[in-house]
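Residue numbers (our numbering), protein chains in the order written: chain A, 1 to 335; chain B, 1001 to 1525.
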């Protein structure tokens, strides 16, 4: 298994390298003039040229790329030409917020989606199944930003149960920074109130984010379970008079969840790259917003940095999923 | 296996799960009222503060930050805007307008306790000029290194390279840093890396905490020396990107100001309890620039025809809270001529001018670009499409990203026939808009990509050199007539500033310059 993990990790390197090459090429093919934009409307031609020289953008692309790559080996992701902030600092600021949101959404999607799929399959063509299928269809069809606005209207404006947005009340000091995950940092600090507060802020954005993966996981789980329920060994278990609970949870669910795992891995990457709308609606200071602002202003160092981080996380999560196959099904061999 | 047996188990489980979720959600929230009890003002804004360096940062969020954390020599206040004392308690100018002497307030202290001296002022201006970033363009060619003198610790004199009527108007945007602090953290980039996230100011607030992308909290420094302070103990710049969310937060009392509201938001806030709508004219123009240097629009008769064919009422309706412009300068600014004869919808005149153009029967297609996603610009493009049909002119509408539009401005050949653009006055003087939007030295930039008239250039230069106000009014009057005659723009609207404010805020006075970068020193809750 160790060889498998190492081989997969080594394969990450050419993927990331390819991404940097592609991003550099795309950045140069686009017609915009980010330097003139960053220098401001009142900059003279000489000032714009000086600005470009300061960031090395007056050099040939190959030189720029080599400098970037050399810096990357030392952990330098470059500098934003607009804010002048090191991209690494920004990534470390924004990534935990996005990861916390995505993990919370995935947690909800898995914790609710798998039992719901299981229930729908067990009660196939009965009311829990119909209800689940209709709910799944609605969840997949509902745009996340629209759902976000509806949640805000209902829970923040009318019921006053949850905050409109943000990660933590602006007037309170967040727990001391350890991981950047406010919920986790609150637990580390042993501050139950801060944990509850962070959870309340996390609730609506996570719900808005989770519905689509939840629906997919539920449908996937339902289909897999139906397939497993028709297997001979399930029939045998029934014939032997094993309790229903034992059949479903011990034999059926375990075998049905394998296929769902793939979806979970893929959705993780999809959510990481698609947080921007939810982050905008809920003012969640995450990577999606950061990347979008960088893309719109053609500030390419942050864009490349974000793409690399998401790419890396995507590969790692799918590696974990592959390893989990083995945990769930001991027959899986890593070769 | 019987479904009934399973259903009992799962239902209970599901109900338990639902109950737990609901309980978690129904916990009550800490409300923003807390902020009011502690006299902390909360401002909702869509823009992050990109950089703390007063000689590098730009944008309204940076302006807010710098106006509250740093001090300039003078500040701008009132309507019409006037220079009022800040670090300088008094000043005098020579009769020829070349020499300006400022006496510093002896009480002025930086946040670290150092006294603010003339040396700091000299250092700050020279640093701004050396870096040539941020707001330094306002004093470029006017203030020169070596001609700013620390007469004594409390007096500084500027010997300008040329008289500059707007000198006092630009000073509020050049902020003074603590020379000792910056020099101690100079690095290899003139302290830019250090000042990116640290401050060396003397303003009425200091940074308490900064959470990029989320909020910035300011607090009163122990060295507070400015007179006239309100009862605020702190200010929070909270980033709320959606204007609808800003409005909701204002309605709920979670913020005291919302600074990015749309006309639709303002309509929604009408008669809301506890909310005050501030809708005031500001020096922010929105026009459609025409390509005066290349292609069909280089023909002045065609430009006049298009100007007369434009449905101005539809344009002002689409803009919401706005006033139609009368010529190139903002309404109410020094020298603006409200009686100026400008273009209004008149199809007869439009056809007369079209007949005199190279396209007497129309039959051409013009290209108009607009910023992708800016709804108001898209609406204007549709209005122009409709307006030009009367002249048998078709319009190709092309949404573009802003960086691409900026790049298109570099050459007349790439500049579109019609180009809508906002121009915000950075200082309350006609020189600002006149120079940025109509002086040919700006050609190649988005504010004035192509328009060039040497006589207009000469008038603009005369206007900035002349220090006699009456003579300046005459100069700008002539300049406006000439620009209107050249018809380089479809003069659009002057957008009114739309701020939402809670009625708990006391002491707010609107000023039509950078009014969304609120100065909080004198405010109370």
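Just so it is clear, CB atoms sit at the ideal spot from N, CA and C, and this is done for glycine as well.
Pull up the distance between the alpha-carbon of residue i and that of residue j, whole angstroms please.
i, j, result
"residue 1041 of chain B", "residue 172 of chain A", "14 Å"
"residue 1232 of chain B", "residue 283 of chain A", "25 Å"
"residue 237 of chain A", "residue 314 of chain A", "39 Å"
"residue 1477 of chain B", "residue 1329 of chain B", "10 Å"
"residue 1026 of chain B", "residue 86 of chain A", "Confidence is the limiting factor: at residue 1026 of chain B the pLDDT is only 41, short of 50, which leaves the residue's position unreliable and the question unanswerable from this model."
"residue 344 of chain A", "residue 162 of chain A", "No answer is possible for residue 344 of chain A: it lies beyond the span of chain A, which begins at 1 and ends at 335."
"residue 1382 of chain B", "residue 19 of chain A", "40 Å"
"residue 214 of chain A", "residue 202 of chain A", "17 Å"
"residue 1187 of chain B", "residue 1463 of chain B", "41 Å"
"residue 23 of chain A", "residue 318 of chain A", "23 Å"
"residue 1450 of chain B", "residue 1294 of chain B", "9 Å"
"residue 181 of chain A", "residue 204 of chain A", "16 Å"
"residue 48 of chain A", "residue 1445 of chain B", "11 Å"
What does residue i reach in chain A if we use C-beta pairs closer than 8 Å?
i, result
"residue 1406 of chain B", "32, 33, 36, 37"
"residue 1410 of chain B", "33, 36"
"residue 1058 of chain B", "40"
How is residue i classed by DSSP in three states: helix, strand or coil?
i, result
"residue 1388 of chain B", "helix"
"residue 96 of chain A", "helix"
"residue 24 of chain A", "helix"
"residue 1491 of chain B", "strand"
"residue 1500 of chain B", "strand"
"residue 155 of chain A", "helix"
"residue 1131 of chain B", "helix"
"residue 1279 of chain B", "strand"
"residue 1003 of chain B", "Any reading at residue 1003 of chain B must be qualified, since the residue scores a pLDDT of 38, below 50, and its modelled position is unreliable; the value itself is stated next. The answer is helix: DSSP assigns residue 1003 of chain B an H, G or I state."
"residue 1075 of chain B", "strand"
"residue 82 of chain A", "coil"
Does the beta carbon of residue i come closer than 8 Å to any beta carbon on chain A?
i, result
"residue 1232 of chain B", "no"
"residue 1403 of chain B", "yes"
"residue 1398 of chain B", "no"
"residue 1446 of chain B", "yes"
"residue 1212 of chain B", "yes"
"residue 1377 of chain B", "no"
"residue 1229 of chain B", "no"
"residue 1172 of chain B", "no"
"residue 1042 of chain B", "yes"
"residue 1236 of chain B", "yes"
"residue 1126 of chain B", "no"
"residue 1192 of chain B", "yes"
"residue 1029 of chain B", "Confidence at residue 1029 of chain B is low in this model, with a pLDDT of 41, below 50, so the placement of that residue should be treated as unreliable; the coordinate-derived value is given next. Yes - at least one Cβ of chain A is within 8 Å of the one on residue 1029 of chain B."
Are any of the Cβ atoms in chain B nearer than 8 Å to that of residue i?
i, result
"residue 288 of chain A", "no"
"residue 230 of chain A", "no"
"residue 283 of chain A", "yes"
"residue 152 of chain A", "yes"
"residue 296 of chain A", "yes"
"residue 307 of chain A", "no"
"residue 338 of chain A", "Look at the range of chain A in this structure, 1 to 335, and you will see that residue 338 of chain A is not part of it."
"residue 280 of chain A", "yes"
"residue 157 of chain A", "yes"
"residue 171 of chain A", "yes"
Can you name the residues of chain B whose CB is closer than 9 Å to the CB of residue i?
i, result
"residue 82 of chain A", "1050, 1051"
"residue 43 of chain A", "1132, 1133, 1137, 1445"
"residue 94 of chain A", "1212, 1213"
State the beta-bridge partners of residue i as determined by DSSP.
i, result
"residue 1423 of chain B", "B:1285"
"residue 1237 of chain B", "B:1043, B:1216"
"residue 115 of chain A", "Looking at the DSSP assignment, residue 115 of chain A forms no beta bridge with any residue, so it has no partner."
"residue 1091 of chain B", "B:1102"
"residue 1211 of chain B", "B:1215"
"residue 1366 of chain B", "B:1395"
"residue 1158 of chain B", "B:1100, B:1148"
Check the Cβ of residue i against every Cβ in chain B and list those closer than 7 Å, keeping chain order.
i, result
"residue 303 of chain A", "Result: empty, since nearest Cβ-Cβ is about 12 Å, beyond 7 Å."
"residue 67 of chain A", "What residue 67 of chain A touches in chain B: nothing, since even the nearest Cβ is about 17 Å away."
Applying a beta-carbon distance threshold of less than 7 Å, which residues of chain A neighbour residue i?
i, result
"residue 1196 of chain B", "84, 85"
"residue 1240 of chain B", "165, 283"
"residue 1249 of chain B", "164"
"residue 1440 of chain B", "Chain A residues near residue 1440 of chain B: none, gap ~13 Å exceeds 7 Å."
What residues from chain B crowd round residue i, counting only those whose CB sits closer than 8 Å?
i, result
"residue 100 of chain A", "Simply none; closest approach about 13 Å."
List the residues of chain A whose Cβ lies closer than 9 Å to the Cβ of residue i, in chain order.
i, result
"residue 1436 of chain B", "41, 42"
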